[in-house]
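The block underneath contains the structure these notes are about, expressed in structure tokens.
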Amino acid sequence: MDDRIREHARILVDWSARIDAGDDVVLAVEDGAHDLAVAVAEQLGDRGANLISTYQSDELTRAYLQAHDGSFTENPDYELALYERADSVLFLKGSRNTTETADVDSDQRQAYSTARQEIREARLDTDWVSTQHPTRAMAQQAGMAYAEYKDFVYDATLRDWEALADEQARLKEILDDGSEVRIVADGTDITLFIDGRIAVNSAASVAYDSHNLPSGEVFTAPHDTAGVVTFDVPMTIQGRRVKNVELTFKDGVVVDWSAEQGEVVIDEIIGTDSGSRQLGELGIGMNRGVDRVTDNILFDEKMGGTVHLALGRAYDACLPEGESGNDSAVHEDLITTMGEGSHLEVDGEVIQQDGMFRWEDGFEG
Numbered sequence: 002m003d004d005r006i007r008e009h010a011r012i013l014v015d016w017s018a019r020i021d022a023g024d025d026v027v028l029a030v031e032d033g034a035h036d037l038a039v040a041v042a043e044q045l046g047d048r049g050a051n052l053i054s055t056y057q058s059d060e061l062t063r064a065y066l067q068a069h070d071g072s073f074t075e076n077p078d079y080e081l082a083l084y085e086r087a088d089s090v091l092f093l094k095g096s097r098n099t100t101e102t103a104d105v106d107s108d109q110r111q112a113y114s115t116a117r118q119e120i121r122e123a124r125l126d127t128d129w130v131s132t133q134h135p136t137r138a139m140a141q142q143a144g145m146a147y148a149e150y151k152d153f154v155y156d157a158t159l160r161d162w163e164a165l166a167d168e169q170a171r172l173k174e175i176l177d178d179g180s181e182v183r184i185v186a187d188g189t190d191i192t193l194f195i196d197g198r199i200a201v202n203s204a205a206s207v208a209y210d211s212h213n214l215p216s217g218e219v220f221t222a223p224h225d226t227a228g229v230v231t232f233d234v235p236m237t238i239q240g241r242r243v244k245n246v247e248l249t250f251k252d253g254v255v256v257d258w259s260a261e262q263g264e265v266v267i268d269e270i271i272g273t274d275s276g277s278r279q280l281g282e283l284g285i286g287m288n289r290g291v292d293r294v295t296d297n298i299l300f301d302e303k304m305g306g307t308v309h310l311a312l313g314r315a316y317d318a319c320l321p322e323g324e325s326g327n328d329s330a331v332h333e334d335l336i337t338t339m340g341e342g343s344h345l346e347v348d349g350e351v352i353q354q355d356g357m358f359r360w361e362d363g364f365e366g
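Residue 366 is where the sequence shown ends in the working numbering, and the numbering goes up by one at each step.
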């Protein structure tokens, strides 16, 4: 086994999920992530945790959804109980075909998602972490050789997370104290109102309310939005290609939208429920180990020099106690590049210009 797989597993269990002896852990393994699952199981055994594993597969999901009549049982008790009683859920992604569910009917997909909302909430109430094992399908989607892609994944994942957490703490403090964030870039001039909200230092550990490995972003939940944003980073959403999405917001709600490619996907997302027309997240990428777009949201949204906004659900970690944020059955991230000529300001003060933060070499102010 590649030593980097074992190091990946160690970081996941120790730094990210903070697993202790006696913890009840659900290990959700996609069919391409077997080697990482073996390494994680070894780490869990060494710590004396309790393990149950589940098998995840887009091909399996497709078969089920294509055959079902669409009258899904809401939040089946047996599955809900699994996550309600778990301490941690570790998702090991490893897709063999990134577009396997592309031909699943959108109404069927939405009905299934809506029927499982309590299960999704129960999973999110655990110390969950999602990570990616490099597969040939993911390498192909990224346009990279398999060996090259593995190097990319481990450069982004096997990092000094404590050092990055310290750097990101600077941005968290700025956002926590701020009221308005303005983003100006090619095709974008949008203002997000964040007063009273909490920014999360997403340093790849549940200790920081962070649930992705790799991570490397600071995010918060705007309560109002106005302006226009263009997302220039191409993505695959629900197995379908989406490119150059433009959203117009007024009074916090999407009032107009278009896309050069995949507009029907955006139509479906926005039409999911009342919350899917609003933003649940503003995220600012800070992981310089993610140095290129790979058509994988787990990596792309963390890339230094990008900003992403999510339609739909807001995370509770960004909300003051007793306050409820935007609620939706979806949370779909879209990414824009903060390239030459761009800037990001908080309460009128520029904190990032041309993709560089004011504390980084190359920031000109």
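Here a beta-carbon is modelled for each residue, glycine too, at the ideal position from N, C-alpha and C.
Do residue j and residue i have their beta-carbon atoms positioned less than 8 Å apart in this structure?
i, j, result
"G342", "D187", "yes"
"E85", "A146", "no"
"V26", "S89", "yes"
"S58", "D32", "yes"
"G240", "T115", "no"
"G313", "S325", "no"
"V41", "L91", "yes"
"I270", "S277", "yes"
"R183", "E346", "yes"
"S17", "A318", "no"
"G366", "Q353", "no"
"T226", "L172", "no"
"D292", "V234", "no"
"G281", "H332", "yes"
"G71", "A112", "yes"
"L28", "Q133", "no"
"L66", "V105", "yes"
"E181", "D348", "yes"
"S107", "M139", "no"
"G363", "G340", "no"
"D185", "H344", "A small correction: the amino acid at residue 185 is Val; Asp does not occupy that position in the sequence shown. Yes, they are a contact pair."
Run the CB neighbour count on residue i, radius 10 Å, all protein chains shown included, and call it buried at 16 or more, exposed below.
i, result
"Q169", "buried"
"H224", "buried"
"P215", "buried"
"V256", "exposed"
"Y56", "exposed"
"M2", "exposed"
"W162", "buried"
"V265", "exposed"
"L176", "buried"
"N213", "buried"
Provide the residue(s) that pair with residue i in DSSP beta bridges, ordered along the chain.
i, result
"Y56", "V30"
"I336", "H309"
"D178", "D178 is not bridged to any residue."
"H344", "V185 and Q354"
"I6", "Its beta-bridge partners do not exist; DSSP assigns none."
"A227", "T192"
"E302", "None, per the DSSP bridge assignment."
"T249", "V229 and D257"
"L93", "V30 and T132"
"F220", "V201 and G284"
List the whole-angstrom C-beta distance separating residue i from residue j, where the pair is believed to meet the contact cut-off of C-beta under 8 Å.
i, j, result
"G179", "I195", "6 Å"
"T189", "V229", "7 Å"
"L13", "V130", "6 Å"
"I336", "F250", "Not really, about 17 Å apart at Cβ, beyond 8 Å."
"A166", "Y209", "6 Å"
"L81", "V30", "Wrong, their Cβ atoms sit about 20 Å apart, outside the cutoff."
"A157", "N288", "6 Å"
"L37", "H9", "6 Å"
"D296", "T237", "5 Å"
"D128", "V207", "4 Å"
"D24", "A50", "5 Å"
"A311", "D334", "5 Å"
Quick one: is residue i near chain B, going by C-beta distance under 8 Å?
i, result
"G363", "Among the chains in the structure shown there is no chain B, since it carries only a single protein chain."
Q) Hey, is the segment 219-229 in contact with the segment 185-205, meaning 3+ C-beta pairs nearer than 8 Å? A) yes
(Q) With three or more C-beta pairs closer than 8 Å as the rule, is the segment 116-127 touching the segment 74-85? (A) yes
(Q) Across the segment 261-280 and the segment 230-250, are there enough close Cβ pairs to call them in contact, namely three or more that are closer than 8 Å? (A) yes
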